[in-house]
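Below is one structure, written out as structure tokens; comments come after it.
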Amino acid sequence: MTALDLERLRSEGQAFMEAISRESYLAFAGHKKTAELQPIYQQYERVLGVEALELTLEAFRSAPDGSDEKRSAQVLLEWEIESQAAKPLAALDEREIAWENTAVVRSPDGRVVQYQAVPIEIGNTRDRSLRLALDAARAKLVANEHAPLRLERLQREKDYIESVGVARDYNSSFEAVTGISLGGLAESCERFLRDTKSMWDDTLRGALRTSLGIKASEAKRSDALALFRASEYDDAFPGSEMESVMRRQVNEMGIDPTARGRIIFDVGEREGKRSRAFCSPVRVPEEVYLVLRPHGGQSDYNTFLHELGHALHFGYASSEYAFEFRWLGDNSVTESYAMLFDHRMQDKGWLNRYTRLGANRVGKFLRTAGMEELHFLRRYCAKLIYERSLYSGEVSWSELPDLYVSLLSNATGFEYDRADAFVDVDPRYYSARYLRAWQLQSILNEQLTRRFDVDWFRNPSAGPWIVQELFAQGQRENAEEIAARAGAPKLSFDPLVRKIEALLEA
Ligand SMILES: [Zn+2]
Numbered sequence: 027m028t029a030l031d032l033e034r035l036r037s038e039g040q041a042f043m044e045a046i047s048r049e050s051y052l053a054f055a056g057h058k059k060t061a062e063l064q065p066i067y068q069q070y071e072r073v074l075g076v077e078a079l080e081l082t083l084e085a086f087r088s089a090p091d092g093s094d095e096k097r098s099a100q101v102l103l104e105w106e107i108e109s110q111a112a113k114p115l116a117a118l119d120e121r122e123i124a125w126e127n128t129a130v131v132r133s134p135d136g137r138v139v140q141y142q143a144v145p146i147e148i149g150n151t152r153d154r155s156l157r158l159a160l161d162a163a164r165a166k167l168v169a170n171e172h173a174p175l176r177l178e179r180l181q182r183e184k185d186y187i188e189s190v191g192v193a194r195d196y197n198s199s200f201e202a203v204t205g206i207s208l209g210g211l212a213e214s215c216e217r218f219l220r221d222t223k224s225m226w227d228d229t230l231r232g233a234l235r236t237s238l239g240i241k242a243s244e245a246k247r248s249d250a251l252a253l254f255r256a257s258e259y260d261d262a263f264p265g266s267e268m269e270s271v272m273r274r275q276v277n278e279m280g281i282d283p284t285a286r287g288r289i290i291f292d293v294g295e296r297e298g299k300r301s302r303a304f305c306s307p308v309r310v311p312e313e314v315y316l317v318l319r320p321h322g323g324q325s326d327y328n329t330f331l332h333e334l335g336h337a338l339h340f341g342y343a344s345s346e347y348a349f350e351f352r353w354l355g356d357n358s359v360t361e362s363y364a365m366l367f368d369h370r371m372q373d374k375g376w377l378n379r380y381t382r383l384g385a386n387r388v389g390k391f392l393r394t395a396g397m398e399e400l401h402f403l404r405r406y407c408a409k410l411i412y413e414r415s416l417y418s419g420e421v422s423w424s425e426l427p428d429l430y431v432s433l434l435s436n437a438t439g440f441e442y443d444r445a446d447a448f449v450d451v452d453p454r455y456y457s458a459r460y461l462r463a464w465q466l467q468s469i470l471n472e473q474l475t476r477r478f479d480v481d482w483f484r485n486p487s488a489g490p491w492i493v494q495e496l497f498a499q500g501q502r503e504n505a506e507e508i509a510a511r512a513g514a515p516k517l518s519f520d521p522l523v524r525k526i527e528a529l530l531e532a
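To convert, count from 1 in the sequence shown and add 26; that's the numbering used here.
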């Protein structure tokens, strides 16, 4: 066999990523009950061998700072470490996927609900005692069966990353290979939580009283699902029209919503489909799946827009770019494009044009959207702070559930359950990517507004510009670089706070 060099690593790496993505897509979309990941890891053994890791480490250490080689070596190293860590965990992942695809919860009213569909059921249950009982049954199942799998995965992943020796521990090795300062981000999160605390307390108290008829002191996490499901607006967001509305908007922006057939919409109900929507780039840019399991109403429009932003990003990535710039890089970037689209649900002009809300309900809806935005931002800030403790090793595994409940409950005002402490963790600090994406999205929206006006989403010049300046670039640049290109000095929560204040006063 010929020796491994960066060129071969790229081509074999891409084939490996395609195989893993296809298998995950089939299992998560409910086409297959199980995922066979281990044979893929065996087939692409060389991509994840010692030689490959040394090659990327060497390239990372020797490339001159600020060069394209450095940029490329950094993302290849990050991917190599992540994939190497995932390899010995493939058997565990297969077990988890099989479990999630078959597990059921017995609802207190006698029905059998698939584990994947429980959040949908909880959000749609108006009878509070039934909602709480269903969530209690879910939490018991999680504590007994799901949480142990996730805890084992977290522990083994942490041990592996620390054994590679890029830096002294998990957190500093993440910072070294991504260039993201976890400490800096956690500090901004703490400031954001402090600055918006009284605004959040007031907003939540009123919403719980009027929408759910409960006191703030008794609110549980399952009540949050019912509150943000906002079913009173269902008639304004008909499921039957969703796909055609989205296609129309992208057409009006001057681009093809399927990127000439490269994007495939998979948005129907299917048993075994994940309740959390996702975009699966199986080949970038040639074959991209947008997968959504309908929950109903405004939340489906929100997730459709989000996944559409990802799908357009991958579907329009330049095929000229090397594997790492199309497939890898700072996921804060793709998340910011997804959020740029889902934030149209906070955009009066968009709502008036593409939904049936009508002029007299749009103000109230925008206040609900502002509340939802503030809730999710506060939740993700708390998650980042929690996950940083989890990976730091300074808090023992057995003490983490109490820390999780206290951080998340305090930030959101909803009481969380200890059972979720290891299940509600975004792997490899994905929460940091989301938070940075939130910040970048507001910068991009301002840039598009300056260039194409407040209704950029229907300006036929905006789409082609977005494709060329943003989507085609894949993830060659990181979030800071794109912000700088848009003329913003830095990523911060400040514009988001101002936007939320305006929404709450709409
Ligand atoms: Zn996303």
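Beta carbons are placed, not taken as given, at the ideal position from N, Cα and C, and that holds for glycine.
Residue i CB to nearest heavy atom of ligand 1 below 8 Å
{"i": "residue 364", "result": "yes"}
{"i": "residue 57", "result": "no"}
{"i": "residue 369", "result": "no"}
{"i": "residue 244", "result": "no"}
{"i": "residue 360", "result": "yes"}
{"i": "residue 333", "result": "yes"}
{"i": "residue 305", "result": "yes"}
{"i": "residue 321", "result": "no"}
{"i": "residue 401", "result": "no"}
{"i": "residue 172", "result": "no"}
Helix, strand or coil at residue i according to DSSP, with G and I counted as helix
{"i": "residue 114", "result": "helix"}
{"i": "residue 307", "result": "strand"}
{"i": "residue 138", "result": "strand"}
{"i": "residue 503", "result": "coil"}
{"i": "residue 456", "result": "helix"}
{"i": "residue 131", "result": "strand"}
{"i": "residue 267", "result": "helix"}
{"i": "residue 342", "result": "coil"}
{"i": "residue 420", "result": "coil"}
{"i": "residue 479", "result": "coil"}
{"i": "residue 440", "result": "coil"}
{"i": "residue 316", "result": "strand"}
{"i": "residue 246", "result": "strand"}
{"i": "residue 508", "result": "helix"}
{"i": "residue 356", "result": "coil"}
{"i": "residue 292", "result": "strand"}
{"i": "residue 157", "result": "helix"}
{"i": "residue 495", "result": "helix"}
{"i": "residue 223", "result": "helix"}
{"i": "residue 279", "result": "coil"}
{"i": "residue 380", "result": "helix"}
C-alpha gap between residue i and residue j, whole angstroms
{"i": "residue 499", "j": "residue 363", "result": "12 Å"}
{"i": "residue 316", "j": "residue 376", "result": "21 Å"}
{"i": "residue 406", "j": "residue 422", "result": "22 Å"}
{"i": "residue 506", "j": "residue 487", "result": "25 Å"}
{"i": "residue 390", "j": "residue 532", "result": "7 Å"}
{"i": "residue 222", "j": "residue 57", "result": "43 Å"}
{"i": "residue 207", "j": "residue 306", "result": "28 Å"}
{"i": "residue 235", "j": "residue 241", "result": "6 Å"}
{"i": "residue 497", "j": "residue 508", "result": "12 Å"}
{"i": "residue 281", "j": "residue 161", "result": "43 Å"}
{"i": "residue 139", "j": "residue 129", "result": "9 Å"}
{"i": "residue 245", "j": "residue 441", "result": "6 Å"}
{"i": "residue 361", "j": "residue 462", "result": "9 Å"}
{"i": "residue 533", "j": "residue 424", "result": "Nothing about residue 533 can be read from this structure; the chain reaches only from 27 to 532."}
{"i": "residue 155", "j": "residue 141", "result": "19 Å"}
{"i": "residue 382", "j": "residue 260", "result": "10 Å"}
{"i": "residue 92", "j": "residue 327", "result": "40 Å"}
{"i": "residue 537", "j": "residue 86", "result": "Outside the displayed range of the chain (27 to 532) lies residue 537, so it cannot be described from this structure."}
{"i": "residue 340", "j": "residue 451", "result": "25 Å"}
{"i": "residue 48", "j": "residue 481", "result": "36 Å"}
{"i": "residue 35", "j": "residue 103", "result": "11 Å"}
{"i": "residue 224", "j": "residue 437", "result": "11 Å"}
{"i": "residue 167", "j": "residue 404", "result": "27 Å"}
{"i": "residue 533", "j": "residue 322", "result": "A question about residue 533 goes unanswered here, because the residues of the chain that appear run from 27 up to 532."}
Write down every uninterrupted run of the alpha helix (DSSP H) in the segment 39 to 126 whose length is 4 residues or greater and which is fully enclosed by it, in chain order. The qualifying runs are 64 to 69, 76 to 88 and 94 to 112.
Ordered list of beta strand (DSSP E) runs contained in the segment 386 to 410, each at least 3 residues: none
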